[in-house]
Amino acid sequence: MTRIRDQNLLDKYRLKPNDAILAEDAHRSLFDDLIEKYSAQTTAGGGAQNTARGAQYCLPPSSVVYIGCVGRDSYADALLAACQQAGVQAEYHVDDAHPSGRCGAVITDQNRSLCTELGAANHYKLNHLKQPRIWDIVQKAKVYFVGGYHLTVCPEAALALAQEAAAHNKVFAMSLSAPFIPTEFKEVLVQTEPYWDYIVGNESEARAWAQSHGLKTDDIPTIAQRMANLPKANSLRPRVAIVTQGTSHTVYAESEMLSQEAFLPASYKAGLSKHAWIWGTGSLILEFKKWGQTIHFQGENINVVEVILLPLIKDFNNYCLWGALGQVILLMSPREAQPISCKSV
């Protein structure tokens, strides 16, 4: 649910302009307010599922599998419909005891404040991932992406994917997702760190990670370099750390290599998220492009988001992603890499 340019709404619920939090009791009426009083635009999400749909937009048909937990309600129906329209295979675990998760977004200037009520997504279980049919999908996958939000739900499932990746020299990618993940869930985040082949976050999340690890610096290139050089379980792959900075340069670090790239157009609009970056990065993994190409490609992705907001619907090669409103995406064996071009619409 998205409301554009409303400082009053931020003030009412004591939300920071640029933040991502889990809903508390004081925020319970936010979601009804957004619909009933503010005529908020509703789109199927959350960030993980949007990443999945964006990935599918760029890859051949029937490439993406999305696994998560939803309630038995109209929100779940909307999520399923969005996946089907995008060509994403949704494998939801349905929780009859809890409603589907919701996320309220308030956009002001170039800031985006997110408030998430996890609902059923907070009740995903490892046994769903481990059931034979789903685990068969996991074993056939070549790349795994896990959103940091899932560490608040079922870290055992995230670690199962991470360990599968390391054991079979597959790619394991992760997003920090929100500043509170490295600060409030540091213990479980640290357990995943040795498995990171790709770690993605924005500047606030990177600085929160640095603070939680005792780094006395706010310098983004320094933080990215430190993340890239953490001890690694799978020494056959380098680690790449990527930090977005809104309208500023995106920083990426790989071992001793550090680079900064500017790709956003001058007409940058408010509220664009790193999720577009993630599915652009995913195409890099599948298409084996160079970093410079991917960052430019990412810019094209953002143009698409800029015009149609969130519903990135169309045609990634079997990708499994983990996030808040439904939890996993698995990247299966890529088809023969073909040059692809995402155009703004």
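For the sequence shown, the tail end lands on 1625 under my numbering, and the numbers increase by one without skipping. Idealized CB from N, CA, C, for every residue including glycine.
From the options, residue whose alpha carbon lies closest to that of residue i
{"i": "Y1429", "options": "G1327, Y1337, R1308", "result": "G1327"}
{"i": "T1396", "options": "A1513, S1528, M1281", "result": "M1281"}
{"i": "P1462", "options": "L1439, I1522, A1486", "result": "A1486"}
{"i": "A1453", "options": "S1484, I1387, A1421, T1497", "result": "A1421"}
{"i": "A1300", "options": "A1488, T1530, Y1532", "result": "A1488"}
{"i": "T1530", "options": "Y1404, R1517, D1499, P1511", "result": "D1499"}
{"i": "S1528", "options": "Q1390, Q1411, T1497, E1304", "result": "Q1390"}
Simplified DSSP assignment, three categories, for residue i
{"i": "M1281", "result": "coil"}
{"i": "Q1491", "result": "helix"}
{"i": "G1327", "result": "helix"}
{"i": "D1357", "result": "helix"}
{"i": "Q1364", "result": "helix"}
{"i": "L1334", "result": "Inspection of the sequence shows that residue 1334 is occupied by Gly rather than by Leu. It is helical."}
{"i": "A1421", "result": "strand"}
{"i": "Q1369", "result": "strand"}
{"i": "N1509", "result": "coil"}
{"i": "Y1318", "result": "coil"}
{"i": "Y1429", "result": "helix"}
{"i": "V1416", "result": "Rather than Val, the amino acid found at residue 1416 in this sequence is Asp. Helix, per DSSP."}
{"i": "A1458", "result": "coil"}
{"i": "V1344", "result": "coil"}
Cβ neighbours of residue i in the same chain (closer than 6 Å, five flanking residues each side left out)
{"i": "A1437", "result": "L1406, L1409"}
{"i": "G1384", "result": "M1281, L1310, F1311, L1314, C1395"}
{"i": "L1398", "result": "G1381"}
Buried or exposed (CB count within 10 angstroms, at least 16 for buried), residue i
{"i": "A1361", "result": "exposed"}
{"i": "P1435", "result": "buried"}
{"i": "G1481", "result": "buried"}
{"i": "V1374", "result": "exposed"}
{"i": "D1477", "result": "buried"}
{"i": "M1537", "result": "exposed"}
{"i": "N1514", "result": "buried"}
{"i": "R1519", "result": "buried"}
{"i": "T1472", "result": "buried"}
Nearest-angstrom beta carbon gap, residue j and residue i [assumed within contact, 8 Å]
{"i": "C1363", "j": "Y1337", "result": "With a Cβ gap of about 12 Å, C1363 and Y1337 do not count as contacting."}
{"i": "A1324", "j": "L1302", "result": "The pair is not a contact, with the Cβ atoms about 20 Å apart (cut-off 8 Å)."}
{"i": "A1508", "j": "E1534", "result": "6 Å"}
Cβ-based neighbour list, residue i, same chain, cut-off 7 Å, excluding 5 preceding and 5 following
{"i": "F1465", "result": "L1431, T1432"}
{"i": "A1320", "result": "M1281, T1282, R1283, L1314"}
{"i": "Q1287", "result": "T1388"}
{"i": "L1495", "result": "I1503, R1506"}
{"i": "P1511", "result": "P1474"}
Below-9 Å beta-carbon distance, residue i vs any chain D residue
{"i": "I1315", "result": "Chain labels in this structure do not include chain D; a single protein chain is all it has."}
Close-in-space but distant-in-sequence residues of the same chain around residue i (CB under 8 Å, 5 per side omitted)
{"i": "K1450", "result": "A1421, K1422, V1423, Y1424, E1444"}
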